[in-house]
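Colleague: Residue numbers (our numbering): 59 to 138.
We put the CB at the ideal spot given by N, CA and C, even for glycine.
From a predicted model like this one, the values you see are computed outputs, not experimental measurements.
Below is a structure I'd like to ask you about.
Put into structure tokens, the structure is as follows:
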């Protein structure tokens, strides 16, 4: 289950990173309030720091999620 969630989150951040690199502005109109809020945050990042830094930020988040999942539980196994 951990790997399914990890793959999904990493994929979401990878797609957001790609969209930021190509300068795609996401639509902020959504029926879901959470999705609308996340789209507004994405748009704010795009206008505040630009497309390339936003893409790098989301790419780092995607890699960080995978690294955190790989390292999960490793210190407990080494202690025994």
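1. Taking the alpha-carbon positions, what's the residue 67 to residue 120 distance?
2. Excluding the 5 residues flanking residue 90 on each side, which residues of the same chain have their C-beta closer than 7 Å to its C-beta?
3. With residue 77 as the anchor, note down where its alpha helix (DSSP H) starts and where it stops.
4. Which residues in the same chain as residue 117 place their Cβ atom closer than 6 Å to its Cβ, once the five residues preceding and following it in sequence are excluded?
5. Should residue 115 and residue 65 be called a contact, given that it needs their Cβ atoms to be closer than 9 Å?
6. Just tell me which of 113, 83, 92 has its CA closest to the CA of residue 101.
7. Would you say residue 83 lies against chain E (beta-carbon separation less than 9 Å)?
Modeller: A quick look at the data gives this:
1. Taking the straight line joining both Cα atoms gives about 7 Å.
2. Annotation for residue 90: no residue places its beta carbon closer than 7 Å to its own, counting only its chain and skipping 5 residues before and after.
3. Following the DSSP letters along the chain, one finds residue 77 inside the alpha helix (DSSP H) bounded by residues 60–79.
4. Excluding residues up to 5 positions away in sequence, 75 lie with their Cβ nearer than 6 Å to the Cβ of residue 117 in the same chain.
5. Their beta carbons are not under 9 Å apart, which means residue 115 does not touch residue 65 by this criterion.
6. Cα-wise, what sits closest to residue 101 is 83.
7. Annotation note: the requested chain E is absent from the structure, which comprises a single protein chain.
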